[in-house]
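Colleague: Below is the structure I would like to discuss, written out as structure tokens.
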Amino acid sequence: MGLPLSFEFFPPKTPEGAEKLRVVRQALYAKNPQFCSVTYGAGGSTQQGTFDTVGEILAEGVSAASHFSCIGATKASVREQLATLKAMGVKRLVALRGDLPSGYGASGEFHYASDLVAFIREETGRDFHIEVAAYPEVHPQAKSPEADLQAYVTKVKAGADSAITQYFYNTDAYFRFVDEAYKRGADVPVVPGIMPITSSTQLLRFSDACGAEIPRWIRLRLQGYGDDMASIQAFGLEVVTDLCDQLITAGVPALHFYAMNQSAPTLGVLDGLAQR
Ligand code: FAD
Numbered sequence: 106m107g108l109p110l111s112f113e114f115f116p117p118k119t120p121e122g123a124e125k126l127r128v129v130r131q132a133l134y135a136k137n138p139q140f141c142s143v144t145y146g147a148g149g150s151t152q153q154g155t156f157d158t159v160g161e162i163l164a165e166g167v168s169a170a171s172h173f174s175c176i177g178a179t180k181a182s183v184r185e186q187l188a189t190l191k192a193m194g195v196k197r198l199v200a201l202r203g204d205l206p207s208g209y210g211a212s213g214e215f216h217y218a219s220d221l222v223a224f225i226r227e228e229t230g231r232d233f234h235i236e237v238a239a240y241p242e243v244h245p246q247a248k249s250p251e252a253d254l255q256a257y258v259t260k261v262k263a264g265a266d267s268a269i270t271q272y273f274y275n276t277d278a279y280f281r282f283v284d285e286a287y288k289r290g291a292d293v294p295v296v297p298g299i300m301p302i303t304s305s306t307q308l309l310r311f312s313d314a315c316g317a318e319i320p321r322w323i324r325l326r327l328q329g330y331g332d333d334m335a336s337i338q339a340f341g342l343e344v345v346t347d348l349c350d351q352l353i354t355a356g357v358p359a360l361h362f363y364a365m366n367q368s369a370p371t372l373g374v375l376d377g378l379a380q381r
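So for the sequence shown, my numbering puts the first residue at 106; every next one is plus one.
This is how it looks when you write it as structure tokens:
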């Protein structure tokens, strides 16, 4: 496929998880990703794991993006981490506000991702390509869809180079979001985030909290399969391959896969697309 691809991983918690992820990465590298990104735990809780995984990806000769969240952080701590990432050879960041774990107060010197984007630009000029998050189906804490769109525009104008969306299964929401953002002058590429469907309970539980809607017909079909994992995965593969096919036909700039530290679901979709 000629379209740029990227794959997102989370930092493994155990040596066994790290070893498994190395195997997963090698399998996915067969698809020549433009970059692989590594998430960053709430409040910086996985910082070392994130940086270690980013370092491994770079050592494997692949471009790596470090996710970087600012909630609860100070300017001094962000400055220090930016210097570490720059010294490692990282050229791409996914700049986020993030979410504090429950029980933490909202301290820190950054309120929104736009503050972090502006700070990174001020401190490091054009050293990093900055990605930001986009929510075609509206961020769950937004005051209104319009306020959320305006917040996205502000974040892009603070200096973002491109955006990756929260996952979605409704392409209309994505295309409308891109149109409206462009009309307001936020004209950077908006790359669809693709979540392969591999289990039903996990997806249904997770989606409510993160601003992604599972359309009724998908939810009911998934619930109808009960514990029949083979049927869930076959159905999920068909739905997500169709989704990507529609997005590619419509001319999206790239695809970003939430690989969830597994290779088979993402490869299943990419191989399915190659056969169409
Ligand atoms: P922001 O863009 O700051 O928006 C947060 C909320 O504030 C929105 O409701 C917005 O409408 C509102 N807002 C923004 N600016 C203003 C303003 N000026 N005035 C009033 N309201 C405003 N989480 C992690 O912990 N680690 C990760 O690695 C991670 N990676 C992600 C990758 C992608 C591609 C995506 C889509 C999400 C990721 N997340 C991650 C989740 C993200 O941290 C949460 O969704 C978080 O709640 C919002 O982060 P943000 O950067 O989108 O915030």
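Every residue, glycine too, gets a C-beta built ideally from N, C-alpha and C. Since the model is a prediction, treat every value here as computed from it, not as a measurement.
Could you tell me whether the Cβ atoms of Q139 and L110 are closer together than 9 angstroms?
Modeller: Within the sequence shown, the letter at position 34 stands for residue 139. Within the sequence shown, the letter at position 5 stands for residue 110. Cβ atoms of Q139 and L110: closer than 9 angstroms.
Colleague: Between which two residues does the alpha helix (DSSP H) harbouring S312 extend?
Modeller: Translated into positions along the sequence shown, residue 312 becomes position 207. 305 to 315 is the span of the alpha helix (DSSP H), which, as asked, contains S312.
Colleague: Looking at E251: is its Cβ nearer than 9 angstroms to the Cβ of L198?
Modeller: Counting from one through the sequence shown, the residue named residue 251 turns up at place 146. Counting from one through the sequence shown, the residue named residue 198 turns up at place 93. No, they are not a contact pair.
Colleague: Is there at least one non-hydrogen atom of the ligand FAD closer than 8 angstroms to the beta-carbon of Y217?
Modeller: The residue given as residue 217 occupies position 112 in the sequence shown. Within the cutoff, so yes.
Colleague: When you compare only the Cα positions, how much space is there between R97 and E165?
Modeller: Since the first and last residues shown for the chain are 106 and 381, residue 97 lies out of range.
Colleague: For a test of your reading of the model: does the CB of Y257 fall under 8 angstroms from any non-hydrogen atom of the ligand FAD? Yes or no.
Modeller: As a working mapping, residue 257 is identified with position 152 in the sequence shown. Yes, the Cβ of Y257 comes within 8 angstroms of a heavy atom of the ligand FAD.
Colleague: Let's see if you can read the secondary structure: which residues bound the beta strand (DSSP E) around A268?
Modeller: The sequence position of residue 268 within the sequence shown is 163, counting from 1. Element bounds for A268: 267 to 270.
Colleague: Is it right to say K58 is buried, meaning 16 or more other beta carbons lie within 10 angstroms of its own, or is it exposed?
Modeller: Nothing in the structure corresponds to residue 58, since the chain is present only between 106 and 381.
Colleague: In angstroms with no decimal places, state the Cα-to-Cα distance between P297 and A135.
Modeller: For the purposes of this step, residue 297 is identified with residue 192 of the sequence shown, where counting begins at 1. For the purposes of this step, residue 135 is identified with residue 30 of the sequence shown, where counting begins at 1. Separation of P297 and A135 (C-alpha to C-alpha, rounded to the nearest whole angstrom) is 21 angstroms.
Colleague: Check each candidate in A218, L352, T229 and name the one with the smallest Cα separation from I176.
Modeller: Taking the sequence shown and counting its residues from 1, one reaches residue 176 at position 71. Minimum Cα distance to I176 is reached at A218.
Colleague: Report the rounded CA-to-CA distance for G290 versus R281, giving the unit in angstroms.
Modeller: Along the sequence shown, one-based indexing puts residue 290 at 185. Along the sequence shown, one-based indexing puts residue 281 at 176. Cα-Cα distance, rounded: 14 angstroms.
Colleague: Tell me which same chain residues have a C-beta within less than 8 angstroms of the C-beta of T229, skipping the five on either side of it?
Modeller: Counting from 1 along the sequence shown, the entry for residue 229 is found at position 124. L187, K191.
Colleague: Please list, in chain order, all residues of the same chain as G334 whose beta carbon is under 6 angstroms from its beta carbon, the five residues on each side excluded.
Modeller: To locate residue 334, count along the sequence shown from 1; it is residue 229. Per the sequence shown, residue 334 should be read as Met rather than Gly. Here the set comprises nothing.
Colleague: Under the assumption that L205 contacts A147 (Cβ atoms under 8 angstroms), give the Cβ distance between them as a whole number of angstroms.
Modeller: Here residue 205 corresponds to residue number 100 of the sequence shown, with the count starting at 1. Here residue 147 corresponds to residue number 42 of the sequence shown, with the count starting at 1. Indeed, because the Cβ distance is near 6 angstroms, the residues count as touching under 8 angstroms.
Colleague: Please find out if some non-hydrogen atom of the ligand FAD comes closer than 8 angstroms to the beta-carbon of P245.
Modeller: Taking the first residue of the sequence shown as position 1, residue 245 is located at position 140. Checking every heavy atom of the ligand FAD against the Cβ of P245, one is found closer than 8 angstroms.
Colleague: Checking the sheet assignment: what are the DSSP bridge partners for Y363?
Modeller: Sequence index remark: in the sequence shown, residue 363 carries index 258 (1-based). Answer is E113.
Colleague: Whose C-beta lies closer than 6 angstroms to the C-beta of F173 among residues of the same chain, with five residues either side of it excluded?
Modeller: Start at 1 with the first residue of the sequence shown, and residue 173 comes out as number 68. Once the five neighbours on either side are set aside, the close Cβ partners of F173 are Y145, L198, A200.
Colleague: Indicate whether the contact test is met: 3 or more Cβ pairs, each with one atom in the region 329 to 343 and one in the region 264 to 281, closer than 8 angstroms.
Modeller: The answer is no - the region 264 to 281 does not touch the region 329 to 343, with fewer than three Cβ pairs under 8 angstroms.
Colleague: Smallest Cα separation from F114: which of C141, G122, K125, E121?
Modeller: Numbered from its first residue, the sequence shown carries residue 114 at position 9. When each option's Cα is compared against that of F114, the closest is C141.
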